[in-house]
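Sequence lines, in order, name chains A and B. Following the UniProt record's numbering, the numbering of the first sequence begins with 1 at its first residue and continues without gaps. Following the UniProt record's numbering, the numbering of the second sequence begins with 1 at its first residue and continues without gaps. Yeah, the Cβ is synthetic: ideal placement off N, Cα and C, and Gly gets one too. Below is one structure; the comments refer to it alone.
Number of protein chains: 2
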Amino acid sequence: MARRTGRRPGNPDTREAILAAARAAFAERGYDGTSIRAVATGAGVDPALVHHYFGTKDKLFLAAMQAPLDPQELLDAATEGDPEQLGVRFVRLFLRIWDGPGGAAGVALLRSAVGNEWTAHLFREFVGSQILRRAVPRLGLDDAQGPLRVSLAASHMVGIAMARYVIKVEPLASAPAEVIAAAVGPSVQRYLTDPLPEVFGVPETS
Amino acid sequence: MARRTGRRPGNPDTREAILAAARAAFAERGYDGTSIRAVATGAGVDPALVHHYFGTKDKLFLAAMQAPLDPQELLDAATEGDPEQLGVRFVRLFLRIWDGPGGAAGVALLRSAVGNEWTAHLFREFVGSQILRRAVPRLGLDDAQGPLRVSLAASHMVGIAMARYVIKVEPLASAPAEVIAAAVGPSVQRYLTDPLPEVFGVPETS
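Structure, rendered in structure tokens:
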């Protein structure tokens, strides 16, 4: 076998066995219910080897999902700068990833996410543990409103990804990213930062 | 074989053969490039039989897609009433269909739409011929702006359907339909009816 170089050293069979065990564990027991130790047991390897190959449980999950991006990095990048431009900035960064080399992996991820109940469950854990849970505090959102706000914004982005990259509906598929960011950014901004009394009611004055 | 009664008379094998020929024709040649005659030839039956079973080419397409709703009917219902409430009304009607008995068919349709290139192409034809083309004149939209406006609104609805019914992300999956309509309706309204100078530029004064 040829010697492997670069960022993913070691036996590729071992690595694949760990990823398969991780997918099964995350889908069956959820993100919180899955430990590195349980994945190691499932793959028949030492837990230290899982840490060696993948680092943290988060990184293992992203690798198991073949995620084209780390949502944490996207969130960090989007929240730097003028808070009033958060929505436009977020959509722009999101499209830059999909329009780039990560796009094919993104399409594969979406295809697998909707393929069946098992993969849908895995994707649900991904959105819950990697996106919603991080985004709510990172964006400084209220715990009661944050999850719905972030899931509205995320569902819009999933819809854009579906229409532009999977179904390829025109004119959305070939519109410049800047046009989509200008159109969709304010909707994302509204979900994340506007008071939305029609959704959450008018806050009581104390 | 038991005698069939109700709205779908005739030989079920013939009916299925017509639907299979229709799916192949619509995916390969598109909606406009497909004639009832060509579908009949593909299925080895007389064109009159296709008309007898399915009526128009539109109805045949909806049946071939196993569409849970006729987009034309949804559009007609949504455009009746206060134009300023169009977005909220549209989202409410859309969710009522998905929350009802048509929801399972909708999930199956979305799953098949993203399964592979062939079914994605079929879904793209569905969106183009059954949604965009009808919605632009029905909503009185400008021909230059209408297709992007409608595809932005449609992509948002696809994302809501994905998140709520396929991936089942919480709290979106169990939020009351009225809450989602109140949240998403204004975004849909903005895409369809607001001037959006940031997207389309400021119109020249003549």
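Exercise. Check whether the Cβ of A:A120 lies closer than 8 Å to any Cβ atom in chain B.
Key: It does: the Cβ of A:A120 has a partner Cβ on chain B nearer than 8 Å.
Quiz item: Roughly how many angstroms separate the alpha carbons of B:A181 and B:R89, rounded to a whole number?
Solution: Cα to Cα, the separation comes out at about 8 Å.
Exercise. Output, in chain order, the set of chain A residues within a Cβ distance shorter than 8 Å of B:P71.
Key: Chain A residues near B:P71: none, gap ~13 Å exceeds 8 Å.
Quiz item: Are B:L49 and B:A38 close, meaning C-beta to C-beta below 8 Å?
Solution: The criterion of a C-beta distance shorter than 8 Å is not satisfied by B:L49 and B:A38.
Exercise. Report yes if the C-beta distance between A:L192 and A:R149 is below 8 Å; otherwise report no.
Key: Yes.
Quiz item: How long is the line joining the alpha carbons of A:L75 and A:R92, rounded to whole angstroms?
Solution: As the crow flies, the alpha-carbon of A:L75 is around 12 Å from that of A:R92.
Practice problem: Give the range of the alpha helix (DSSP H) segment to which A:S112 is assigned. | Solution: Counting along the chain, A:S112 sits inside the alpha helix (DSSP H) bounded by residues 103–115.
Quiz item: Using a C-beta cutoff of 8 Å, does A:M65 count as contacting chain B?
Solution: Output row for A:M65: interface = no.
Quiz item: Since A:F26 contacts A:F61 with CB under 8 Å, what's their CB separation in whole angstroms?
Solution: Right, the Cβ-Cβ distance comes to about 6 Å (below 8 Å), so this counts as a contact.
Practice problem: For B:V184, decide whether its Cβ has a neighbour in chain A, counting only Cβ atoms nearer than 8 Å. | Solution: True, the Cβ-Cβ gap to chain A drops below 8 Å.
Quiz prompt | Reduced DSSP secondary structure (H/G/I, E/B, other) of A:A153 | solution = In the structure shown, A:A153 sits in a helix (DSSP, three-state: H, G or I).
Quiz item: Exposed or buried, A:P12, counting other C-beta atoms within 10 Å across all chains shown (16 or more means buried)?
Solution: With fewer than 16 other CB atoms across the displayed protein chains lying within 10 angstroms of its CB, A:P12 is exposed.
Quiz item: Should A:G146 and A:V136 be called a contact, given that it needs their Cβ atoms to be closer than 8 Å?
Solution: Yes, Cβ-Cβ distance for A:G146 and A:V136 is below 8 Å.
Self-check item: Closer than 8 Å to chain A by CB, B:A95
Solution: It should be pointed out that residue 95 of chain B corresponds to Leu in this sequence rather than to Ala. No, no contact with chain A.
Exercise. Using three-state DSSP, classify A:T119 as helix, strand or coil.
Key: Reduced to three states, the DSSP call for A:T119 is helix.
Quiz item: Just by C-beta distance, which residues in the region 148–173 of chain B are closer than 9 Å to chain A?
Solution: Answer set for the region 148–173 of chain B: L148, R149, S151, L152, A154, S155, H156, M157, V158, G159, I160, A161, M162, A163, R164, V166, I167, K168, V169, E170, P171, L172, A173.
Practice problem: Go through its chain and collect everything with a Cβ distance to B:R3's Cβ below 6 Å, but skip five positions before and after it. | Solution: Residue confidence for B:R3 is low, a pLDDT of 49 falling below 50, so the modelled location carries little weight; the figure read from the coordinates is stated next. Its chain contains no residue whose beta carbon lies nearer than 6 Å to that of B:R3 once the 5 sequence neighbours on both sides are disregarded.
Quiz item: For the putative contact between A:Y165 and A:G103, defined by C-beta atoms under 8 Å, what is the C-beta separation to the nearest angstrom?
Solution: For A:Y165 against A:G103, the beta-carbon gap comes to about 6 Å, under 8 Å, which counts as contact.
Self-check item: Every unbroken alpha helix (DSSP H) inside the region 4–44 of chain B [4 residues or more]
Solution: Within the region 4–44 of chain B, the complete alpha helix (DSSP H) runs of at least 4 residues fall at 12–29, 36–43.
Quiz item: Does the beta carbon of A:V109 sit closer than 8 Å to a beta carbon anywhere in chain B?
Solution: Inspection of the sequence shows that residue 109 of chain A is occupied by Leu rather than by Val. Interface criterion not met: the Cβ of A:L109 is under 8 Å from no Cβ in chain B.
Practice problem: Taking B:E198 as the query, report the chain A residues whose CB atoms sit under 7 Å from its CB, ordered along the chain. | Solution: Result: A182.
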